Amino acid sequence: MLIDGDIPVTVRRSARARRMTLRVARANGEVVLTLPLRVPEAEGKAFAESRAEWLRKTRARMPSQRLVRPGALIPVEGRALAITPAGVRVVRPEGDQLLVPENRPAHVTVAAWLKHLAQQRLLAASTRHATAIGRPFTSIALRDTRSRWGSCTTDGRLMFSWRLAMAPPQVLDYVAAHEVAHLRHMDHSAAFWAATARLMPGYQTHRDWLRVNGHDLLSWQFRDETD
Numbered sequence: 001m002l003i004d005g006d007i008p009v010t011v012r013r014s015a016r017a018r019r020m021t022l023r024v025a026r027a028n029g030e031v032v033l034t035l036p037l038r039v040p041e042a043e044g045k046a047f048a049e050s051r052a053e054w055l056r057k058t059r060a061r062m063p064s065q066r067l068v069r070p071g072a073l074i075p076v077e078g079r080a081l082a083i084t085p086a087g088v089r090v091v092r093p094e095g096d097q098l099l100v101p102e103n104r105p106a107h108v109t110v111a112a113w114l115k116h117l118a119q120q121r122l123l124a125a126s127t128r129h130a131t132a133i134g135r136p137f138t139s140i141a142l143r144d145t146r147s148r149w150g151s152c153t154t155d156g157r158l159m160f161s162w163r164l165a166m167a168p169p170q171v172l173d174y175v176a177a178h179e180v181a182h183l184r185h186m187d188h189s190a191a192f193w194a195a196t197a198r199l200m201p202g203y204q205t206h207r208d209w210l211r212v213n214g215h216d217l218l219s220w221q222f223r224d225e226t227d
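Residue 150 in the UniProt record's numbering sits at position 150 of the sequence shown, and the numbers go up by one each step.
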């Protein structure tokens, strides 16, 4: 639906929703209106219309989407590298450049390379922390998640966002420590945070970095600029 003439809104129905909610996705500025099953769409539209000014201000403050293409400065392990087509077969960092094969789309090769880098770094960090805490994990999976940087299931399966390869190494290490700590404490109790602190002393600094800068990592669009 459109509200206030030109603001597109995605409407979602939820059996779990007890009230109407309106949010703006930090990754792409999408406006999402969640409605309980029995609330009429017209009532939801009126609710969204009443918050049109807030929506405009919120969307204006969000970072613009960034396309992964030649010349773009993309963060890799916390460093801004210029995507540079070159006569290489695989993506590789060199100085302040990220060299990419000149005969393939940059967004495809860079995404694949970042996923591989994230897999290496997160497997190493998770293994180290799991050994320290004395609780093995059963598997690691990578996703391009928008609402969380990692998760841990009761049967020891870890999931991480591969975009963590773009963050400083200490931030990636903190997320790995956070999820591994859940192998002992499946909550966010004082005991959980104490376990996280033992694995990653001073973790608060890295958690705060992610809270402040995480939306910048999510703003990168790994797609063809003509899409």
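Ideal Cβ placement from N, Cα and C applies to all residues, glycine included. As the structure is a computational prediction, the values presented were derived from the model and not from experiment.
Under the DSSP assignment, R128 falls in the alpha helix (DSSP H) whose first and last residues are 106-133. Relative to I7, the option among S14, M186, R59, L218 whose CA is nearest is R59. The stretch 96-105 and the stretch 201-215 do not touch, with fewer than three beta-carbon pairs separated by less than 8 Å. Looking at the backbone, the Cα of E49 and that of R184 are separated by about 46 Å.
Remark: C-beta atoms of Q221 and L67 approach each other more closely than 8 Å.
Nearest neighbour of L117 by Cα position, chosen from R89, R163, H107, turns out to be R163. One thing to note: R12 has its Cβ no nearer than 8 Å to the Cβ of V31. Your pair I140 and A181 does not check out as a contact, with CB atoms roughly 15 Å apart and the cut at 8 Å.
Contact check for D155 against T127 fails: the beta carbons are separated by 8 Å or more. In the DSSP assignment, the residues bridged to E94 are Q97. When DSSP reads this structure, L158 sits in a beta bridge with I140, C152. L37: not part of any alpha helix (DSSP H); DSSP gives it neither H nor E.
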